[in-house]
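Numbering (the numbering used here), first residue to last: 421 to 549. For reference, the structure discussed in these notes is given below.
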């Protein structure tokens, strides 16, 4: 089903999706050296945490371009900034902080900046009202 969808999309998008999948897979491979708990599958964990984070951002009303910037920034994080993960809870907490930092809880939509269409940093909207 995924292959059919990719083939039905314009060629430029297919290339972009393939490049992103490659980046995510390479990123997961580099984290193998930082994963210290039994039964860990960094590839599966990376995909799971990215999916969870993206869904949370979407429910919080964060725009697509901001989500893409956050994922890209995470994928470009230098390896020495990652702790030695000793549990799945540490893994989840780290990804949550990297992807969701400054994002309101799901159900609380973030106000938008009418001029640029970008989210307003938390605290700014409350101070203005």
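We put the CB at the ideal spot given by N, CA and C, even for glycine.
Output the distance between the C-alpha atoms of residue i and residue j, rounded to the nearest integer angstrom.
i: residue 446; j: residue 478; result: 25 angstroms
i: residue 476; j: residue 520; result: 8 angstroms
i: residue 440; j: residue 468; result: 15 angstroms
i: residue 509; j: residue 459; result: 13 angstroms
i: residue 449; j: residue 463; result: 7 angstroms
i: residue 481; j: residue 497; result: 24 angstroms
i: residue 484; j: residue 438; result: 18 angstroms
For residue i, count the other beta carbons within 10 Å of its own beta carbon; 16 or more makes it buried, fewer makes it exposed. Which is it?
i: residue 528; result: Unreliable positioning characterises residue 528 in this predicted model, as indicated by a pLDDT of 42, which lies under 50. A coordinate reading is not provided.
i: residue 489; result: exposed
i: residue 525; result: Per-residue confidence for residue 525 stands at a pLDDT of 48, beneath the threshold of 50, marking its modelled position as unreliable; no derived number is given.
i: residue 436; result: exposed
Would residue i pass as a contact of residue j if the rule is Cβ separation under 8 angstroms?
i: residue 502; j: residue 451; result: yes
i: residue 504; j: residue 454; result: yes
i: residue 456; j: residue 516; result: no
i: residue 495; j: residue 443; result: yes
i: residue 511; j: residue 470; result: no
Counting only C-beta atoms, is residue i closer than 8 angstroms to chain D at any point?
i: residue 452; result: Absence of chain D from the displayed structure is noted, only one protein chain being present.
If you reduce the DSSP assignment to three classes, tell me which class residue i lands in.
i: residue 505; result: strand
i: residue 556; result: Any question about residue 556 goes unanswered here, given that the chain covers just 421 to 549.
Out of the options, point me to the one whose CA is closest to residue i's CA.
i: residue 492; options: 510, 518, 459; result: 518
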